[in-house]
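Note sheet for the following structure.
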Amino acid sequence: MKKSIFILSVVAAVLFSSCGTTKVSGSGIKGNAAKVQKNYVTILDYQGASFGSEIPQWVVEIGNGNYSAEYLSPIMPGIAGKKPFVVVSRGDNLEFTKQWADLVDVEVQVGDEMQRIVGKAVSAAQKGRSKQSGDVKDPTSLEQELNMYKQAVSAVELNGLEKIASYWIQKEVKTSKKAKESKVYYEYYAVWGMTKKLYDAQIQSALSSIEDNTDEGKALKESLSLKLQNMMITSNNEEINTEAEETLDAK
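Here the sequence shown stands for residues 1090 to 1340, where the numbers follow the working numbering.
Below you can see the structure in the form of structure tokens.
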């Protein structure tokens, strides 16, 4: 069974915790047949289809790559004021797909994504310095700087993280409209969240432990802090990693 996980970081029913007067918003997609054709992807079934329920708009937004609080908070109870972490697993067996997602420690997945971001940010900063000065740094020195930042970020424990909601959809994918062969799989969505203020404070605390008060060091800390604060997904899928990286670079 193939499976993948977004950040990006997971139960058969949608778990909503009420928050103020936030209203659950539907996507307008519903029907007894539960088949929705778009391009070469067909929705075969989804959670609540037998009751004629709509697919929640927050699921559609996530499917469109909109993982931030800006998109989710107006349409998803319980996420307002929190830093969202989206986890999506895929597989050909719904129960196994759910179990995979439910058993994965989201904190570990978020931690892995942080390490990836740190590696990319530090490497980019080092290349920029070398290009500007014309000097190539000793590989040992580069490795030490990278390990220093990775070690600092690994101290982030994400205290206060909780699951907000989950949902599943069954899809069929064809390479063309007339293709005889197709791939059928389940997508299992889950959204986790924690107070953004608390999350940002943990990031700042971790980076402040690094004793680098040079102008270059301060610039790197500022850039890295922003990228970690804007981090939206985690994944073990190369295609999704690329998508996440492009989204992160756009920040």
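Even for Gly, the Cβ is constructed at its ideal location relative to N, Cα and C. Owing to the predicted nature of the structure, the values given are computational and were not obtained by experimental measurement.
Legend entry - Unbroken alpha helix (DSSP H) run spanning residue 1159, endpoints: Start and end: 1158-1161.
Legend entry - Backbone secondary structure at residue 1069 - three-state DSSP: In the structure as shown, the chain starts at 1090 and stops at 1340, and residue 1069 therefore has no counterpart that could be examined.
Inset, instruction - With distances taken Cα to Cα, identify the nearest neighbour of residue 1150 among 1116, 1289, 1181, 1167. - result: Among 1116, 1289, 1181, 1167, the Cα nearest to that of residue 1150 belongs to 1116.
Legend entry - As assigned by DSSP and simplified to three states, the class of residue 1181: Correct three-state label for residue 1181: coil.
Legend entry - Test item: CB-CB of residue 1249 and residue 1173 under 8 Å: In this structure, residue 1249 sits away from residue 1173, with a CB-CB distance that is not shorter than 8 Å.
Inset, instruction - Classify residue 1149 as helix, strand or coil using the three-state DSSP reduction. - result: In this structure, residue 1149 counts as helix in the three-state DSSP scheme.
Inset, instruction - Would you tell me roughly how many angstroms separate the C-alpha atoms of residue 1241 and residue 1139, rounded to the nearest one? - result: Approximately 49 Å, taken between the alpha carbons.
Inset, instruction - Would you decide whether residue 1234 is buried or exposed? Buried here means 16 or more other CB atoms lie within 10 Å of its CB. - result: Residue 1234 comes out buried.
Inset, instruction - Return yes when the Cβ of residue 1318 is within less than 8 Å of the Cβ of residue 1299, no when it is not. - result: Their beta carbons are not under 8 Å apart, which means residue 1299 does not touch residue 1318 by this criterion.
Inset, instruction - Please classify residue 1268: does DSSP put it in a helix, a strand, or coil? - result: In the structure shown, the three-state DSSP call for residue 1268 is coil.
Inset, instruction - Identify every residue that forms a DSSP beta bridge with residue 1189. - result: Answer by DSSP bridge pairing: none, since residue 1189 is not bridged.
Legend entry - residue 1196 versus residue 1231 - alpha carbon distance: Those two C-alpha atoms are separated by around 27 Å.
Inset, instruction - Classify residue 1306 as helix, strand or coil using the three-state DSSP reduction. - result: Assignment of residue 1306 by DSSP, reduced to helix, strand and coil, places it in the helix class.
Inset, instruction - Could you tell me which residues DSSP pairs with residue 1314 in its beta bridges? - result: Residue 1314 pairs with nothing; no bridge assigned.
Legend entry - Nearest candidate by alpha-carbon position, reference residue 1133, set 1200, 1237, 1181, 1206: When each option's Cα is compared against that of residue 1133, the closest is 1181.
Inset, instruction - Would you mind stating whether residue 1258 and residue 1168 have Cβ atoms separated by less than 8 Å? - result: By the CB criterion at 8 Å, residue 1258 and residue 1168 fall outside the cutoff.
Inset, instruction - Output the distance between the C-alpha atoms of residue 1159 and residue 1305, rounded to the nearest integer angstrom. - result: Residue 1159 and residue 1305: Cα-Cα distance of roughly 31 Å.
Inset, instruction - Please classify residue 1303: is it buried, with 16 or more other beta-carbons within 10 angstroms of its beta-carbon, or exposed? - result: By the neighbour-count rule (16 or more Cβ atoms within 10 Å), residue 1303 is not buried but exposed.
Legend entry - Identity of the residues DSSP links to residue 1211 by a beta bridge: DSSP, once it has assigned bridges, lists no residue as partnering residue 1211.
Inset, instruction - Flag this pair as yes or no: are the beta carbons of residue 1287 and residue 1313 separated by less than 8 Å? - result: Between residue 1287 and residue 1313, the C-beta gap is not smaller than 8 Å, which leaves the two residues out of contact.
Legend entry - residue 1262 versus residue 1199: straight-line alpha-carbon distance, rounded: For the pair residue 1262 and residue 1199, the Cα-to-Cα distance works out to about 29 Å.
Inset, instruction - Pull up the distance between the alpha-carbon of residue 1272 and that of residue 1186, whole angstroms please. - result: Whole-angstrom Cα-Cα distance: 16 Å.
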